[in-house]
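Inspection log for the structure reproduced underneath, given as structure tokens.
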Amino acid sequence: MPPLGISPKPREGLRLQVFWDSVPPLLALLLVLLLAGCQARLAGLEPRDVRELPQRPSAYLPAATADQPLLTPDQQQERLAQFRARYFAAWQWQAGEQPGLQDEGLFWALDWLQRGTAYGENLRPLAAERCAQLVARTAVADYPSLWRPAISVARCEVRALPTARPLLGDPAQAGSGFPFDLLQHGVLPPATPLRVTHQSPDGSWLLVETALLQGWVPAQQVAWVDEELMAWLVAAPLAVILRDEQSLHDGQGRYRGQVGLATLLPLAPEPEMLLLPLADALGWARLVPVRRPAAAQDFPLPLTAARLAALADSLMGQPYGWGELYGNRDCSALVRDLFVPFGLWLPRNSAAQARAGQVVELKHLDPAQREQALLQHGQPFVTLVHLPGHILLYLGAHQGRAALLHNLWGLRTRDLWGREGRWRVGRSLISSLQPGLEQDGLLLRIGDLRQRVERLTLLLVPPSP
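Once you know that position 457 of the sequence shown is 665 in our numbering, the rest is easy, because the numbers rise by one and skip nothing.
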């Protein structure tokens with residue numbers, strides 16, 4: 209998610225301006241040099257939290273309860289039924305039921321193009337000719353031009369427009385430009401059930417819709433499914449992949465593809481084999497048996513803090529990936545992928561995830577009280593902490609402070625002139641709610657994340673006292 213932080217209050221900016229107007233030129237030059245030194249120093253520093261807090265989620269496990277199931281068998285079966293209903297929902301929809309029509313819209317990026325604020329990969333405003341090409345390729349007047357069930361046969365990067373080329377915000381603005389390709393909605397793993405509702409005029413791009421994501425994918429990453437195959441897959445037992453970058457090979461040892469954490473594949477009738485959908489010469493899906501990697505387990509896993517921590521340990525230090533670009537994760541993708549193996553369905557974006565359980569509102573509290581409420585009400589490993597544009601997973605208390613797992617691009621900074629910048633972190637880490645605050649000072653302000661926390665989300669119903 210986009211970078212975080214707190215801006216000084218407007219009156220602070222006014223006082224700084226009055227102060228600056230009174231500074232002699234020589235002293236002003238010295239302040240400029242000092243300020244540049246502050247920014248350069250931050251570029252080579254880690255926030256103190258990263259150095260002082262254990263950076264393995266398993267270090268925060270409560271020893272006495274780490275292996276205790278967090279759901280009863282009946283509760284887990286209920287969650288599993290809800291998960292499978294959403295996972296296969298695209299094959300059950302009637303026309304007009306798909307969620308892309310109810311949120312910000314399938315074609316929001318066209319409005320953005322027309323405002324003239326999009327930048328291309330050369331970091332220059334998008335040329336009018338390219339803008340017109342994208343509008344024509346979308347063929348919005350013809351939507352919906354298809355209504356066919358399908359399945360992904362590759363890792364699909366889901367796009368807001370039918371193009372693999374990036375579109376960025378203004379690179380001169382902090383927290384904008386590269387790597388925030390605003391066309392990137394997210395990723396659908398191989399074997400994801402889809403509904404294809406539209407295509408580009410040349411057929412090279414398909415608009416796919418699922419309960420998780422909606423957007424454009426290259427046509428070669430999708431295969432059609434018939435009623436018989438859909439019925440078989442809906443009823444089939446599944447395995448879940450528990451590690452990234454798992455290569456799949458068929459019985460003859462031929463490479464068939466790569467999958468990552470939270471990918472679901474049907475079990476094959478043969479022992480120690482899974483089924484991977486691929487497209488035949490006519491574009492229809494066929495199931496190819498592949499050897500079951502060691503990182504595949506029957507789905508779902510029993511939910512315990514220890515199992516969840518083990519998955520999270522494997523993702524520590526992973527580079528930040530807006531919309532899962534380059535095989536990485538952003539904050540909401542990290543949280544979602546950790547819970548998929550246990551059959552807990554979470555939406556894709558942070559705002560929706562914050563509504564996916566029992567919500568405890570915190571906006572009426574002061575910053576210190578918000579952290580205390582988290583320590584008091586939060587359930588370690590199954591509580592989400594939401595602030596605008598960002599989501600974190602509460603791990604528990606560490607030396608009296610809340611410890612949280614998240615994938616963070618950077619912390620907002622603000623200099624004497626009120627100009628916003630970023631202290632780039634760019635990876636998954638464990639921090640308090642005040643990462644980097646040790647660098648807060650007169651020349652450069654660092655935001656206290658406690659001021660932005662809006663709510664806690666308890667993913668599981670707390671046990672009765």
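Beta carbons: idealized from backbone N, C-alpha and C, even for Gly. A quick note: this is a predicted structure, and the numbers were derived from the prediction, not measured.
Per-residue DSSP class, three states only, for residue i
i	result
residue 535	helix
residue 425	strand
residue 239	Note on residue 239: pLDDT 48, under 50, position unreliable in the model; the coordinate value appears next. DSSP places residue 239 in helix when its eight states are reduced to three.
residue 649	coil
residue 553	coil
residue 544	helix
residue 393	strand
residue 616	strand
residue 585	helix
residue 224	Low local confidence applies: a pLDDT of 46 at residue 224 is under 50, so the model's placement there is unreliable, with the coordinate-based value given in what follows. Residue state, collapsed to three classes: helix.
residue 452	coil
residue 305	coil
residue 660	coil
residue 463	strand
residue 271	coil
residue 256	helix
residue 569	strand
residue 447	strand
residue 264	coil
residue 735	Because the chain is modelled from 209 through 673, residue 735 falls outside the range shown and cannot be assessed.
residue 475	strand
residue 332	coil
residue 458	strand
residue 378	coil
residue 623	strand
Span of the alpha helix (DSSP H), counted from its first residue to its last, around residue i
i	result
residue 346	336-346
residue 281	281-295
residue 628	Where residue 628 is concerned, there is no enclosing alpha helix (DSSP H), although the beta strand (DSSP E) it sits in stretches over 628-639.
residue 440	435-443
Distance CB(residue i)-CB(residue j) smaller than 8 Å
i	j	result
residue 328	residue 531	no
residue 511	residue 290	no
residue 537	residue 556	no
residue 691	residue 447	The displayed coordinates of the chain run from 209 to 673. Any statement about residue 691 would go beyond what the structure contains.
residue 658	residue 562	no
residue 504	residue 449	yes
residue 526	residue 635	yes
residue 431	residue 491	yes
residue 581	residue 667	no
residue 375	residue 343	no
residue 486	residue 361	yes
residue 470	residue 397	yes
residue 391	residue 369	yes
residue 618	residue 558	no
residue 644	residue 625	no
residue 299	residue 438	yes
residue 402	residue 340	no
residue 549	residue 508	yes
residue 546	residue 520	yes
residue 639	residue 257	yes
residue 385	residue 331	yes
residue 579	residue 641	yes
Element boundaries [beta strand (DSSP E), containing residue i]
i	result
residue 416	413-417
residue 602	598-606
residue 481	481-487
residue 559	Run containing residue 559: none in the beta strand (DSSP E); it sits in the alpha helix (DSSP H), 558-561.
residue 506	504-506
residue 373	Neither: residue 373 is in no beta strand (DSSP E) and is coded neither H nor E.
residue 591	591-595
residue 495	493-499
Beta-bridge partners of residue i, as assigned by DSSP
i	result
residue 324	According to DSSP, residue 324 bridges with nothing at all.
residue 356	404
residue 250	According to DSSP, which records beta bridges pairwise, residue 250 is partnered with nothing at all.
residue 528	537
residue 519	For residue 519, which the question treats as bridged, DSSP gives no partner whatsoever.
residue 366	394
residue 432	358, 492
residue 578	According to DSSP, residue 578 bridges with nothing at all.
residue 666	566, 591
residue 611	604
Notebook entry, point to check: Is the stretch 493-509 touching the stretch 402-412, taking contact as three or more C-beta pairs under 8 Å?
Noted result: no
Item checked: Cβ contact (3+ pairs, closer than 8 Å) linking the stretch 577-591 and the stretch 347-358 -> no
Next item on the list: Determine, using beta-carbon pairs with one atom in the stretch 294-308 and one in the stretch 415-425, whether at least three such pairs fall under 8 Å.
Entry: Flag = yes, the stretch 294-308 and the stretch 415-425 touch.
Check: Counting pairs of Cβ atoms below 8 Å between the stretch 645-654 and the stretch 566-575, do you hit three or more?
Finding: Two segments are said to touch when three or more pairs of C-beta atoms, one from each, lie closer than 8 Å; by this definition the stretch 645-654 does not touch the stretch 566-575.
Next item on the list: Say whether the stretch 268-287 touches the stretch 325-343, bearing in mind that this needs 3 or more beta-carbon pairs closer than 8 Å, one atom from each stretch.
Entry: Touching, no.
Item checked: Three CB pairs or more closer than 8 Å across the stretch 434-444 and the stretch 454-463 -> No: fewer than three Cβ pairs fall under 8 Å.
Next item on the list: Would you be able to state if there are at least three C-beta pairs under 8 Å between the stretch 263-272 and the stretch 599-615?
Entry: yes
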